[in-house]
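The structure appears below as structure tokens.
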Amino acid sequence: MNIKVENVTVILLAGGTGNRFGSKTSKQLININNETLVEFCIKNLKEKINKIKILIVSNSKDFNSIKEIATKHNLLDPIIGGENRHESVYRGLVSLKLSPPKFVLVHDSARPFVSRKVINDLLNEAKKNSTCVIPVLPLSDSLRTVNKNKITKVESRKNKFLVQTPQLCNYKKLLTAHDNATQIYDDESSLLMSKGTKITTVEGDPRILKITYENDFKLLKPYLTNNIKYITMIGNGFDIHRFDLKKDNIKNFITLGGINIPNTNSLIGHSDADVLLHAITDSILGVVNEGDIGKLFPPSDLKWKNSDSSTFLIHASNLLNKKNGKINNIDAVIICEKPKILDYSDLMQKNIARILNINPKRISIKGKTSESIGFIGRQEGIAAMVNTSIRMIDDILDD
């Protein structure tokens, strides 16, 4: 099942009054650098899901302000929610009846950050006909039951997780569950579970923190005020492969930068021997400090035999996205006597940009010969050297 953006509507819950936050202003309307918290959330959602429909569910006190925000950002007409989260979601579902989506993505505006990876994982799981997919985080601290400041029970944290939003649910099934609900539920997954629905989980993100108390806001404020310290990191990659010069070799092409180049002896390798994609992959893995191709995709594993090297590059890109890294530029040099790299550099550049989902102008591919000197000069192989510059959040604490 293919999930298109027009089949998904976000129900953005913004009905809290901020009692626990300790502010007269509802926390979703707290102004930071001339932008409210709910607007920060809206922009984040739109950045992650282009052209997504968003319905804000407000409280009556803030409705006029929310209506202005919805108009400003070209959202659906907002509605007033109920006395609790359960009722607010239900009212949101009912308001969509005239033009029902296939799925709803229910999210708390008090969670201003949304992870691109989490969104993609939710959508990918829903393609498998899942009714409800939610992000969860494993507990890292010990768990206790406390009553009147006294520990009454030691709880095991095994198989226990924190539940986050957004939660992706089948619209019709969630609406039916609400229609037949006999009690109030904390979230969509608990309601659907009560009706016997299996809930699928994906890995959440610690930054999708819900602002409930003032200290929560203090933790996120550096991000909300753009006081994030970025650094530029450089990753180096190198790879080299021999030509298959045997007379019985029937292949007459090589794969370079993910494209096939004809009229040349093939390269010897466990995968498709794409020296350029291998070098780029290693350069990215160097920045995220996740080892190298040999460690993640060992040649001793038959699983990777004759693999398309774009698989390795996509994996490295996913690791980079998980850490919110952004590629500034890739500078690659391919060293060989043949083929003539200039004839294929544009095609390689566009293909690599497609794989990494970046602008092709961020990629430079150059060809150099070794002036008939040595291993490469004798036309026995090809090498590639790559430097990749990446912008990363500086979250490494030095001693």
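Position one of the sequence shown corresponds to residue 174 (our numbering), numbered consecutively onward.
No residue lacks a Cβ here, since even glycine has one placed at the ideal position from N, Cα and C.
May I have the straight-line CA-CA distance separating residue i from residue j, to the nearest angstrom?
i	j	result
Leu364	Gly467	46 Å
Ile324	Leu316	10 Å
Asn232	Asn293	30 Å
Gly550	Asp447	19 Å
Leu570	Gly498	The predicted model places Leu570 with a pLDDT of 48, which falls under 50 and marks its position as unreliable; any figure quoted below should be read in that light. Whole-angstrom Cα-Cα distance: 17 Å.
Asp281	Gln337	9 Å
Val327	Lys496	34 Å
Lys331	Ser313	10 Å
Gly410	Lys301	36 Å
Ser199	Pro339	20 Å
Ile307	Asn343	12 Å
Asn257	Leu202	18 Å
Gly189	Thr373	27 Å
His351	Val230	16 Å
Glu241	Asn180	25 Å
Arg289	Asn530	13 Å
Leu418	Lys424	10 Å
Leu310	Val287	14 Å
Val559	Ser456	7 Å
Asp588	Asp445	Only positions 174 to 572 of the chain appear in the structure, and residue 588 is not among them; the question remains open.
Ser537	Leu249	43 Å
Val178	Met521	30 Å
Phe470	Thr542	29 Å
Asn491	Leu210	28 Å
Asp519	Val291	33 Å
Thr561	Gly255	51 Å
Gly377	Leu295	10 Å
Glu612	Asn247	Nothing can be reported for residue 612, as the shown portion of the chain is limited to 174 through 572.
Glu260	Asp359	10 Å
Applying the criterion that 16 or more other CB atoms from any shown protein chain within 10 Å of the CB defines a buried residue, is residue i buried or exposed?
i	result
Asn223	exposed
Asn517	Reading off the sequence, residue 517 comes out as Tyr, not Asn. Looking at its Cβ environment, which holds 16 or more other Cβ atoms inside 10 Å, Tyr517 is buried.
Glu544	exposed
Gly442	buried
Pro285	buried
Thr244	exposed
Lys133	Missing from the structure shown is residue 133; the chain here goes from 174 to 572 and no further.
Met174	Since pLDDT at Met174 reaches only 47, below the 50 mark, its modelled position is unreliable, and no value is offered.
Ser272	exposed
Phe390	buried
Gly464	exposed
Lys270	exposed
Gly430	buried
Phe548	exposed
Ile475	In the sequence as displayed, the identity of residue 475 is Leu instead of Ile. Classification for Leu475: exposed.
Thr355	exposed
Pro251	buried
Asp572	Bear in mind that a pLDDT of 40 at Asp572, under 50, signals an unreliable position, so the number given afterwards is only what the model happens to contain. Burial call: exposed.
Trp405	A quick correction: the sequence has Thr, not Trp, at residue 405. With fewer than 16 other Cβ atoms within 10 Å, it is exposed.
Ile503	buried
Val267	exposed
Leu515	exposed
Specify, as a first and last residue, the run of the alpha helix (DSSP H) that residue i falls within.
i	result
Ala350	Tyr344 to Asp352
Val178	No alpha helix (DSSP H) holds Val178; DSSP gives it neither H nor E.
Tyr263	Arg258 to Ser268
Cys305	Counting along the chain, Cys305 falls outside any alpha helix (DSSP H), though it belongs to the beta strand (DSSP E) covering Cys305 to Pro311.
Asp519	Ser518 to Leu529
Ser537	Element bounds for Ser537: not the alpha helix (DSSP H) but the beta strand (DSSP E), Ile536 to Lys541.
Ser238	Phe236 to Lys245
Phe548	Gly547 to Gly550
Glu376	Note, Glu376: premise wrong, no alpha helix (DSSP H); beta strand (DSSP E) at Ile372 to Glu376.
Leu271	It is not in any alpha helix (DSSP H) - Leu271 carries neither H nor E in the DSSP assignment.
Asn207	Unbroken run through Asn207: none, as it is neither H nor E.
Phe485	Ser483 to Lys495
Glu361	Glu361 to Ser367
I think residue i touches residue j, with their Cβ atoms under 8 Å apart; what is that distance to the nearest whole Å?
i	j	result
Ile215	Ile227	6 Å
Leu347	Glu361	6 Å
Thr454	Phe485	5 Å
Gly540	Ile507	5 Å
Val460	Ile563	5 Å
Thr370	Thr318	With 8 Å as the limit, Thr370 and Thr318 do not qualify as a contact, their Cβ atoms being about 28 Å apart.
Ala556	Asp412	7 Å
Thr437	Pro512	6 Å
Leu440	Ile432	About 14 Å separates the two Cβ atoms, so there is no contact after all.
Ala489	Leu458	5 Å
Could you tell me the boundaries of the beta strand (DSSP E) in which residue i lies?
i	result
Val291	Counting along the chain, Val291 falls outside any beta strand (DSSP E), though it belongs to the alpha helix (DSSP H) covering Arg289 to Ala299.
Gly554	Gly554 to Ile566
His589	No statement about residue 589 is possible, as the shown extent of the chain runs from 174 to 572 and does not include it.
Phe276	Phe276 to Asp281
Phe426	Phe426 to Leu429
Ile586	Summary: the structure shown does not reach residue 586, with the chain confined to residues 174 through 572, and so no result is reported for it.
Lys323	Lys323 to Glu328
Looking at the C-beta of residue i, does it have a partner C-beta in chain C at a distance below 9 Å?
i	result
Ser261	Here chain C cannot be found, since the structure has a single protein chain.
| message | With three or more beta-carbon pairs closer than 8 Å as the criterion, would you say the region 179-190 touches the region 269-279? | response | yes
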